[in-house]
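Take a look at the structure set out below.
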Amino acid sequence: MIDIKKLARITGSQDFLRGTLLLLACAALLLNFVASTRTYGDKPLREAASRSLMAANSSWFYDSGLSEPVPVAALKLAMAAGADPEKAVRAQGLALFALLFAATLFTLSRRFGPAAAVFGALFLAANPFLGYYATQGSSQLYALFFLLLFWHYFDSPAGGRRHALLAGLWGGLACLSRLDAALPILAVVILTLAVRRGALPLKESLLALGLALLLVLPYAARQKAEYGNFLYAQELSLRRWANIDAFGYEPAPDRPQGPLGPVAFLLRSGPAGAVQDAFSGLGRSLSYELPRIMHYKVLIVLVFLGVYAAFALGKDRLVIFAAAALLPVLPLAAIKQVTSTGGIELRYYLPALWALCALAGLGLQETMDWGERAAARWAAARTEELNKRYEKKTRNYPK
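The working numbering applies: residue 1125 is where the sequence shown begins, and numbers increase by one.
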């Protein structure tokens, strides 16, 4: 008897394929490390340039100056061990890239399957923009790592108080890496509660948010005591954004100064202007920034397949994370911060980039599963046809 399915089935072939892909992903990560260090290792630090000064001047965790405490505290520990500040910033950025790679494997494998996890990690490891921002020690990498863990534990199937506390811990650390991480956290909570429609325990959700808020409150209180404003550093940043939007980088002595509140920033051109900015930012993000930061344009096809699979298979958590990661960027996306290309720096899209890589991994996994099922059906039909021919021939043989 001829059995094509049996001939095609190799013991442990799927495990072997996943292992090979994992080695390829690790090799891509290592290659990205080497290439980024050689290419960008001598470029001046940008966002993290003043972190060593803040670390040297801080005396306790929340005393981090005009910056969130987690990146400053991490650098202070490295400096206390005798490390060179600039080299430590870059090394910590690369270490965060590696942790993000590991967290991708951890979260996606438990939610969407090992193949999706390996593919998503491979796409992430091969992205040159992540390598660049890692060598820059970008605080977005700190926030993204903790935000990813918050997302994983917040809507965990296991549920319970332990996972709620873990979600709160990671959410608090995300906000203490970048306070604007509170926006995607709130978006994740609101969208998840809306989609789940009561299936998500409200007590655990409030416990997670409460713990995150409890961790962040001392930082806000310290800003209030030092500068007279709970969000002093963040509102100064919003003032800079508003001035860039209104005046560009041309020097002007009559520019408004001082902190600008979030509501005042959003409504700086009125309610209609806020809506227009959001839609303009969405259009620019989808048409230019997101395809650019993905770098490999073929992944866009896999992202669409991943979005379809997420909705078709009830795996919409990735879409929720993608929406939550992109929503806070929209009020900024239309501002011409980068004079050469327009728009904002791509580091603000790193959380959305992670979501797109994960969706591409899910799309490729489901496409391969569909192809495997189709091949199995063809092999079964072919086997049946060949067996019928074999039986017919054997009946005609003389006994």
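Heads up, the beta-carbon is just placed ideally off N, CA and C, and yes, glycines get one too.
Since the model is a prediction, treat every value here as computed from it, not as a measurement.
Next on the checklist: Does the contact criterion of 3 or more C-beta pairs under 8 Å hold for the stretch 1435-1453 versus the stretch 1370-1389?
Outcome noted: Under the three-pair Cβ rule at 8 Å, the stretch 1435-1453 does not count as touching the stretch 1370-1389.
Checklist entry - In chain order, what residues of the same chain have a beta carbon less than 7 Å from the beta carbon of F1140, not counting five sequence neighbours either side? => result Once the five neighbours on either side are set aside, F1140 has no close Cβ partner at all.
Next on the checklist: Can you check which of these residues, S1183, T1161 and S1233, is closest to A1219 by C-alpha distance?
Outcome noted: Per the Cα distances, T1161.
Checklist entry - Using a C-beta cutoff of 8 Å, does A1376 count as contacting chain B? => result You won't find chain B in this structure, because it holds only one protein chain.
Item to check | Integer-rounded CB distance, given that G1467 should sit under 8 Å from A1457 | outcome: That pair is a contact at about 6 Å.
Checklist entry - In chain order, what residues of the same chain have a beta carbon less than 7 Å from the beta carbon of L1324, not counting five sequence neighbours either side? => result Take L1324, set aside five residues on each side of it, and the residues of its chain with a beta-carbon closer than 7 Å to its own are D1279, T1316 and L1317, in chain order.
Checklist entry - Span of the alpha helix (DSSP H) holding F1221? => result Run containing F1221: P1209 to F1236, per the alpha helix (DSSP H) assignment.
Item to check | Residue burial classification, K1512 (beta-carbon count within 10 angstroms, cutoff 16) | outcome: It counts as exposed.
Item to check | Among G1495, V1213, P1452 and R1392, nearest to P1308 - alpha-carbon criterion | outcome: Distance from the Cα of P1308 is smallest, within the candidate group G1495, V1213, P1452 and R1392, for P1452.
Checklist entry - Is the number of C-beta pairs between the stretch 1177-1194 and the stretch 1274-1289 that are closer than 8 Å three or more? => result With the cut-off at 8 Å, the stretch 1177-1194 and the stretch 1274-1289 do not touch.
Checklist entry - Whose CA, out of F1435, Q1461 and L1223, lies closest to the CA of V1319? => result Answer by Cα proximity: F1435.
Next on the checklist: Looking only at its chain, what residues have a beta carbon closer than 7 Å to the beta carbon of F1354, apart from the 5 residues adjacent to it on each side?
Outcome noted: If you ignore the 5 residues before and after F1354, its C-beta comes within less than 7 Å of the C-beta of A1344, Q1347 and K1348, all in its own chain and listed in chain order.
Item to check | Boundaries of the alpha helix (DSSP H) in which F1445 is found, first to last residue | outcome: It spans R1441 to L1450 - the alpha helix (DSSP H) in which F1445 sits, taken as one unbroken run.
Item to check | Beta-carbon contacts of P1238 that lie in its chain and below 8 Å, excluding the five residues immediately before and after | outcome: If the five residues before and after P1238 are omitted, its C-beta is found closer than 8 Å to the C-beta atoms of R1142, all from its own chain and listed in chain order.
Next on the checklist: Is the separation between the beta-carbon of W1294 and that of Y1277 shorter than 8 Å?
Outcome noted: Yes. Within cutoff.
Checklist entry - Cα separation between D1166 and Q1358? => result Whole-angstrom Cα-Cα distance: 29 Å.
Next on the checklist: Among L1423, Y1473 and L1474, whose alpha-carbon lies nearest the alpha-carbon of L1483?
Outcome noted: Comparing Cα-Cα distances from L1483 to each of L1423, Y1473 and L1474, the minimum goes to L1423.
Checklist entry - Taking the alpha helix (DSSP H) that S1263 falls in, what are its first and last residues? => result Segment S1263 to F1278, the alpha helix (DSSP H) holding S1263.
Checklist entry - What did DSSP end up calling N1367 once you bin it into helix, strand or coil? => result In this structure, N1367 counts as helix in the three-state DSSP scheme.
Checklist entry - Since Q1260 contacts A1172 with CB under 8 Å, what's their CB separation in whole angstroms? => result In this structure, Q1260 and A1172 form a Cβ contact; the two beta carbons are roughly 6 Å apart against a cut-off of 8 Å.
Next on the checklist: Quick check on Y1186: does DSSP put it in helix, strand or coil?
Outcome noted: Coil, per DSSP.
Item to check | Same chain, Cβ closer than 7 Å to T1231, five either side skipped, listed in chain order | outcome: Once the five neighbours on either side are set aside, the close Cβ partners of T1231 are L1272 and H1276.
Checklist entry - Mapping DSSP to helix, strand and coil, what is D1166? => result Secondary structure of D1166 (DSSP, three-state): coil.
Next on the checklist: By alpha-carbon positions, which one of A1282, L1297 and L1339 ends up nearest to E1328?
Outcome noted: The candidate whose alpha carbon is nearest that of E1328 is A1282.
Item to check | 6 Å Cβ shell around A1336 - same chain, five flanking residues per side excluded | outcome: Counting only residues of its own chain and dropping the five nearest sequence neighbours on each side, A1336 has a CB closer than 6 Å to the CB of G1292, G1295 and G1296.
Checklist entry - Between V1196 and R1321, what straight-line distance do the alpha-carbon atoms span, to the nearest angstrom? => result V1196 and R1321 have their C-alpha atoms roughly 40 Å apart.
Checklist entry - When we look at the beta-carbon of I1314 and count the other beta-carbons within 10 Å, is it buried (16 or more) or exposed? => result Exposed, by the Cβ-count rule.
Checklist entry - Three-state secondary structure (DSSP) at N1181? => result Correct three-state label for N1181: helix.
Next on the checklist: If I measure Cβ to Cβ from Y1473 and keep anything under 6 Å in the same chain, skipping five residues before and after, which residues do I get?
Outcome noted: These residues qualify, in order along the chain: E1413 and I1417.
Next on the checklist: Quick check on the DSSP output: the alpha helix (DSSP H) that includes Q1400 runs from which residue to which?
Outcome noted: The continuous alpha helix (DSSP H) containing Q1400 extends over residues G1394 to R1408.
Checklist entry - Since H1085 is in the alpha helix (DSSP H), which residue starts that stretch and which ends it? => result Here the chain covers residues 1125 to 1523 and nothing more, so residue 1085 does not appear.
Item to check | Presumed contact (8 Å Cβ cut-off) between F1225 and A1245, rounded CB distance | outcome: With a Cβ gap of about 6 Å, F1225 and A1245 count as contacting.
Next on the checklist: Rounding to the nearest angstrom, what Cα-Cα distance links R1133 and A1499 in this structure?
Outcome noted: Confidence in R1133 is poor, its pLDDT being 49 and thus under 50, which makes the residue's placement unreliable; the coordinate value appears in the next sentence. Our two residues, R1133 and A1499, have alpha carbons roughly 12 Å apart in a direct line.
Checklist entry - Where does the unbroken alpha helix (DSSP H) through A1318 begin, and where does it stop? => result The continuous alpha helix (DSSP H) containing A1318 extends over residues A1306 to R1320.
Next on the checklist: I'd like the list of long-range same chain contacts for I1258, defined as Cβ closer than 7 Å, with 5 residues on each side in sequence excluded.
Outcome noted: Just to set this straight, residue 1258 is Ala in the shown sequence, not Ile. Within the same chain, A1258 has close Cβ partners S1160, G1217, L1218, L1220, F1221 and L1265.
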